[in-house]
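Residue numbers (the UniProt record's numbering): 1 to 192. Have a look at the structure below before the remarks.
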Ligand code: FES
Ligand code: FES
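Structural data, given as structure tokens:
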């Protein structure tokens, strides 16, 4: 008997539930863009190299082109469309806007989602490859420009707006209460 190659899944995205049939080979990126019209998440390389497709899955940054949609079922997914709090921009969005952390803007949704993940990882005490002291007792290292560059190194910008991006992440870090580093609404239970 042939095994099924498609399933009906329910994705929890930006506080809403979306039920859709998908081929098992459909990536989360293609499900977002092609099936759900959430085109804020961008496709660059489609092979995990550029970071343009970065979203948050259960608060952790993830390249959506390398995750199958079926594997994201039941997880809380936050895309760029869901990081603001109503009309109030997320502090990372605000900092990118104030400091021109972009030029063409194509990489920007991924940069912003990644930066939100960076702030959460840093607040949790995670060291990076350039942290001088990686012992847990050392606590989070200062979020210097070098730390930001390393932590954001998976997000490429073809316009090379890196100087402003690093400044924007630094400003957001200075202004972001820890509570707002876990962006995105939780999916509401549907009304009975
Ligand atoms: S499109 Fe996913 S990492 Fe480039
Ligand atoms: S702003 Fe153009 S690719 Fe980054």
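All residues carry an ideal CB built from backbone N, CA and C; glycine is no exception. All of these numbers come straight from a predicted model, not from anything done at the bench.
Rank the options by C-alpha distance to the C-alpha of residue i and give the top, closest one.
i, options, result
"residue 93", "104, 78, 109 and 103", "109"
"residue 99", "169, 5 and 174", "169"
"residue 53", "38, 47, 64 and 60", "64"
"residue 91", "71, 106, 74 and 113", "113"
"residue 62", "116, 25 and 101", "116"
"residue 56", "34, 48, 70 and 82", "82"
Using the C-alpha atoms, what's the distance from residue j back to residue i?
i, j, result
"residue 68", "residue 157", "25 angstroms"
"residue 51", "residue 3", "33 angstroms"
"residue 103", "residue 160", "8 angstroms"
"residue 183", "residue 44", "Per-residue confidence for residue 183 stands at a pLDDT of 49, beneath the threshold of 50, marking its modelled position as unreliable; the derived number appears in the next sentence. About 23 angstroms."
"residue 5", "residue 21", "11 angstroms"
"residue 41", "residue 80", "7 angstroms"
"residue 142", "residue 126", "11 angstroms"
"residue 15", "residue 84", "12 angstroms"
"residue 155", "residue 48", "10 angstroms"
"residue 35", "residue 166", "33 angstroms"
"residue 59", "residue 163", "26 angstroms"
"residue 133", "residue 153", "20 angstroms"
"residue 78", "residue 66", "16 angstroms"
So residue i and residue j are in contact, right, with Cβ under 8 angstroms, and what is the actual spacing, rounded?
i, j, result
"residue 176", "residue 119", "6 angstroms"
"residue 12", "residue 87", "That pair is no contact at about 23 angstroms."
"residue 17", "residue 27", "Not really, about 20 angstroms apart at Cβ, beyond 8 angstroms."
First and last residue of the alpha helix (DSSP H) that includes residue i?
i, result
"residue 88", "Segment: none, residue 88 is in no alpha helix (DSSP H) and carries neither H nor E."
"residue 151", "145-151"
"residue 113", "108-123"
"residue 171", "162-175"
Note to self: At 4 residues or longer, what runs of the alpha helix (DSSP H) sit wholly inside the UniProt domain "2Fe-2S ferredoxin-type" (7-83)?
What the structure shows: Runs of the alpha helix (DSSP H) inside the UniProt domain "2Fe-2S ferredoxin-type" (7-83): none found.
Check: Counting by C-beta, which residues lie closer than 6 angstroms to a heavy atom of ligand 3, in chain order?
Finding: Ligand 3 is not part of the structure shown, which contains ligand 1 and ligand 2 as its ligands.
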